[in-house]
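Chemist: Mapping to numbering that gives the first Met the number 0: the sequence shown position 440 is 439, numbers consecutive. We put the beta carbon where it would ideally sit given N, CA and C, even for glycine. The structure's right below; bear with me while I get my questions together.
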Amino acid sequence: MKFFSYILVYRRFLLVVFTLLILLPLPLILRTKEAECAYILFVIAMFWVTEALPLSVTALLPGLMFPMFGIIPSKKVASSYFKDFHLLLIGVICLATSTEKWNLHKRIALRMVMMVGVNPAWLTLGFMSSTAFLSMWLSNTSTAAMVMPIVEAVAQQIISAEAEVEATQMTYISGSTNYGLETDENVNGHETSERKEKTKPVPGCSNDAGKISSKMELEKNSGTGNKYRTKKDHMMCKLMCLCIAYSSTIGGLTTITGTSTNLIFAEHFNTRYPDCHCINFGSWFLMSFPAAIIILLLSWIWLHWLFLGFNFKEMAQCGKTTTAKQKACAEVIKQEYQKLGPIRYQEIVTLVLFIVMALLWFSRDPGFVSGWSVLFSEYPGFATDSTVALLVGLLFFLIPAKRLTKTIPTGETVASDYSPLITWKEFQSFMPWDIAILVGGGFALADGCEESGLSKWIGNKLSPLGSLPVWLIILISSLLVTSLTEVASNPATITLLLPILSPLAEAIQVNPLYILLPSTLCTSFAFLLPVANPPNAIVFSYGHLKVTDMVKAGLGVNIVGVAVVMLGMFTWIVPMFDLHTYPSWAPAVSNETIP
């Protein structure tokens with residue numbers, strides 16, 4: 000038993016050593032560049048899937064192994080780790096830092112919820128809409144972390160309001176106070192305050208975002224009867240938690256900066272096919288926004304039916320507060336909004352810069368009309384979305400947020416300096432350097448596959464799939480990606496598969512976008528497990544859900560997501576990119592190449 004305990008303790012170390020040794024015969028026996036690159040690819044894939052090493056550390060292995068095997072020189076592989084993507088990411092994080100620092104994200108979320116009312120059905124849709132909107136511009140993780148404390152407060156208020164109404168009714172009927180109900184209400188109130196006291200903010204995040212550390216002890220320390228008065232209360236908490244987790248992921252689909260997988264795809268695609276100028280912020284939004292809206296609405300219907308049933312009469316009461324419970328819920332949201340006070344100068348400036356960035360992205364090269372990029376016609380393709388992101392991002396370090404003063408010896412207070420909207424230290428605390436390194440490793444891996452000839456070899460071997468119908472190839476690749484992303488991180492999944500799927504499309508003479516677009520979108524469909532992505536883990540930590548709840552709900556959302564993506568690939572997306580023809584910007588594959 001002691002031996003097995005040591006194995007368990009050092010399992011990651013052993014996994015790294017045995018993976019390197021077991022796969023070593025591949026390059027030693029075959030002795031080709033393709034085999035050597037395949038060895039590196041398998042090692043990195045194993046480490047990414049098992050997380051034997053941190054993802055970012057694994058992403059550095061191409062920089063070590065490609066020069067050692069003579070595939071790419073060290074100077075060249077190092078240049079793969081910083082691309083146009085990283086400049087775009089820096090600009091977006093500047094916006095996210097200012098948005099969360101000045102609580103603009105919370106004001107937007109609360110305002111959107113207040114607009115739809117507190118009817119349970121419309122309340123969940125309001126939370127889903129606001130969460131999805133925020134995750135278009137912020138990271139999915141920070142969006143879920145910000146919204147969940149508000150959702151938890153609303154859920155607890157609904158439960159305590161229902162207890163108060165029942166206690167009032169019992170008092171009216173019996174003519175005396177029902178102390179049992181009072182005790183339950185007090186316990187609920189005690190739990191809520193206790194949870195708030197145990198919550199501590201995370202450095203670098205807003206106060207509300209820091210509340211994601213709500214303890215699982217809440218579930219352990221309170222009995223089922225104390226925490227949920229009825230089964231319906233429990234189901235409502237489950238519904239609201241899953242709505243936040245899933246909508247934060249769905250919202251990230253809509254913009255090319257909404258999630259790291261979209262950015263990874265865009266950089267890989269633009270690097271591999273530099274003559275294609277069809278993927279930009281505007282074209283991505285027009286392609287993915289209808290799909291995200293349909294997935295969001297169908298997911299809302301599915302989750303509401305699964306946990307609370309579906310009452311059309313209740314659905315029609317949008318914006319109305321008919322019961323005491325709903326009025327109490329509305330009061331909580333209103334109080335949270337009032338705590339923010341009147342909108343401040345810093346929030347207005349951040350909002351204006353946010354709108355300017357979005358408009359510049361949309362208008363750079365919209366496709367149906369000429370964009371502002373024609374002003375630089377002498378240098379076509381030089382100005383990209385990252386140019387806009389950097390321009391606006393730098394303004395956050397320049398525009399003053401507040402004036403700093405000092406008292407001179409005469410006793411007079413004078414201005415000494417000013418503080419910008421964000422500081423470099425605040426930016427650093429928000430910047431996901433691990434994602435930046437991970438993406439760079441993916442680019443290096445793709446370059447290695449191309450230089451060694453492994454991509455071409457894979458494409459040749461997969462070319463018999465060309466005999467299958469295109470819709471079946473898309474479905475198989477989408478299901479493969481959706482399954483893999485449940486056990487591996489989303490960025491690692493898309494980084495691993497893009498160098499394989501691109502040569503596949505070229506080998507079977509299918510527009511690469513036909514396969515790459517649905518695969519990229521399906522990479523975000525990690526809805527089944529708490530460990531599948533950070534938003535799932537955040538909502539699971541609140542103690543309302545079981546793994547079986549997430550599997551049951553996530554399976555339905557996964558099916559909805561894949562079905563909608565498949566629908567889009569054969570309807571509105573086809574004319575946008577002329578998917579039925581093999582494009583001139585993709586490499587021509589001769590008959591001699593395909594066996």
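Over what stretch of residues does the alpha helix (DSSP H) that includes TYR5 continue unbroken?
Modeler: 1-8
Chemist: Pull up the distance between the alpha-carbon of LYS611 and that of LEU241, whole angstroms please.
Modeler: Within the shown structure, residues of the chain are numbered from 0 to 594, placing residue 611 beyond reach of any answer.
Chemist: Got a sec? Which residues, its chain only, sit under 6 Å from HIS104 by beta carbon, not counting five neighbours each side?
Modeler: THR98, LEU133 and MET145
Chemist: Tell me whether GLY553 is buried or exposed, calling it buried when 16 or more other Cβ atoms sit within 10 Å of its Cβ.
Modeler: buried
Chemist: Given this structure, state the Cα-to-Cα distance separating SER175 from ALA329, to the nearest angstrom.
Modeler: Note that SER175 has pLDDT 47, beneath the 50 cutoff, so the model's placement of it is unreliable and no number is given.
Chemist: What do you reckon, are the CB atoms on VAL556 and TYR245 nearer than 8 Å?
Modeler: yes
Chemist: Nearest by alpha-carbon distance to ILE243: which of PHE526, GLU505 and THR570 is it?
Modeler: PHE526
Chemist: Just to confirm before moving on: does the CB-CB distance between VAL391 and VAL348 stay below 8 Å?
Modeler: VAL391 is not a Cβ neighbour of VAL348, given a cutoff of 8 Å.
Chemist: Residue ranges of each alpha helix (DSSP H) run of no fewer than 4 residues wholly in the stretch 452-476, ordered along the chain?
Modeler: 453-461
Chemist: Could you tell me whether the Cβ of CYS93 comes closer than 8 Å to any Cβ of chain D?
Modeler: Here there is only one protein chain, and chain D is not present.
Chemist: Give the C-beta separation of ALA37 and LEU483 to the nearest angstrom, bearing in mind that I take them to be a contact with Cβ-Cβ under 8 Å.
Modeler: ALA37 to LEU483, Cβ: 18 Å. No contact.
Chemist: Whole-angstrom Cβ separation of MET565 and PRO517, contact assumed at under 8 Å?
Modeler: 7 Å
Chemist: For the alpha helix (DSSP H) that contains CYS236, what are its first and last residues?
Modeler: 230-250
Chemist: Please state whether DSSP places GLU184 in a helix, a strand or coil.
Modeler: Because GLU184 sits at a pLDDT of 37, beneath the cut-off of 50, its placement in the model cannot be relied upon, and the following sentence gives the value as read from the coordinates. In the structure shown, GLU184 sits in a helix (DSSP, three-state: H, G or I).
Chemist: Under 8 Å between the Cβ atoms of TRP371 and GLY281?
Modeler: no
Chemist: Only counting runs of 4 or more residues, tell me where the alpha helix (DSSP H) segments fall wholly within the stretch 118-148, in order along the chain.
Modeler: 119-134
Chemist: Would you call the stretch 51-62 in contact with the stretch 435-455, where contact means no fewer than 3 C-beta pairs closer than 8 Å?
Modeler: yes
Chemist: Near PHE539, what residues of its chain come up, given a Cβ to Cβ distance below 6 Å and the 5 sequence neighbours on each side ignored?
Modeler: PRO529
Chemist: Would you report the Cα separation of GLY606 and HIS233, rounded to the nearest angstrom?
Modeler: The requested residue 606 does not occur in the structure, where the chain is confined to residues 0 to 594.
Chemist: Note down the Cα distance separating TRP584 from ALA265, rounded to an integer number of angstroms.
Modeler: 15 Å
Chemist: Measuring alpha carbon to alpha carbon, tell me which residue in THR570, SER428 and THR248 is nearest SER523.
Modeler: The shortest Cα separation from SER523 among THR570, SER428 and THR248 belongs to THR248.
Chemist: Assign LYS333 to buried or exposed, taking buried as 16 or more other Cβ atoms, counted over all protein chains shown, within 10 Å of its Cβ.
Modeler: Classification of LYS333: exposed, given that the 10 Å Cβ count is below 16.
Chemist: Using a Cβ-Cβ cut-off of 8 Å (strictly less than) and excluding sequence neighbours within five positions of ASP274, which residues of its own chain qualify?
Modeler: SER583 and TRP584
Chemist: Nearest-angstrom Cα distance between MET235 and TRP304?
Modeler: Cα to Cα, the separation comes out at about 11 Å.
Chemist: Determine the extent of the alpha helix (DSSP H) in which HIS267 is found, giving its start and end residues.
Modeler: Looking at the DSSP string, the run of the alpha helix (DSSP H) that includes HIS267 is 259-271.
Chemist: Pick helix, strand or coil for LYS551, following the three-state DSSP scheme.
Modeler: helix
Chemist: Figure out for me which residue from SER129, PRO289, PRO72 and SER138 has the closest Cα to the Cα of LEU109.
Modeler: SER129
Chemist: My output table needs one value for TYR378: the three-state DSSP class, helix, strand or coil.
Modeler: coil
Chemist: Just tell me which of THR18, GLU35 and VAL16 has its CA closest to the CA of LEU25.
Modeler: GLU35
Chemist: Would you identify the three-state DSSP class for SER97, choosing helix, strand or coil?
Modeler: helix
Chemist: Are ARG402 and VAL387 closer than 8 Å when you measure CB to CB?
Modeler: no
Chemist: For TRP423, collect the residues of the same chain with a Cβ closer than 8 Å to its Cβ; drop the 5 residues on either side in sequence, then sort them by chain order.
Modeler: Close CB contacts of TRP423 within its chain, under the 8 Å cut and outside five residues either way in sequence, are with PHE396 (chain order).
Chemist: If you draw a straight line from the alpha carbon of ALA143 to that of VAL153, how long is it in whole angstroms?
Modeler: 15 Å
Chemist: What number of angstroms, rounded off, separates the C-alpha of TRP456 from the C-alpha of HIS276?
Modeler: Between TRP456 and HIS276, the C-alpha separation is close to 27 Å.
Chemist: Tell me whether LEU483 counts as near the ligand MG, meaning its Cβ is closer than 7 Å to at least one heavy atom of that ligand.
Modeler: Of ligands this structure carries none, so the ligand MG is not represented either.
Chemist: State yes or no: is the C-beta of SER418 within less than 8 Å of the C-beta of PRO399?
Modeler: Taking 8 Å as the Cβ cut-off, SER418 and PRO399 qualify as a contacting pair.
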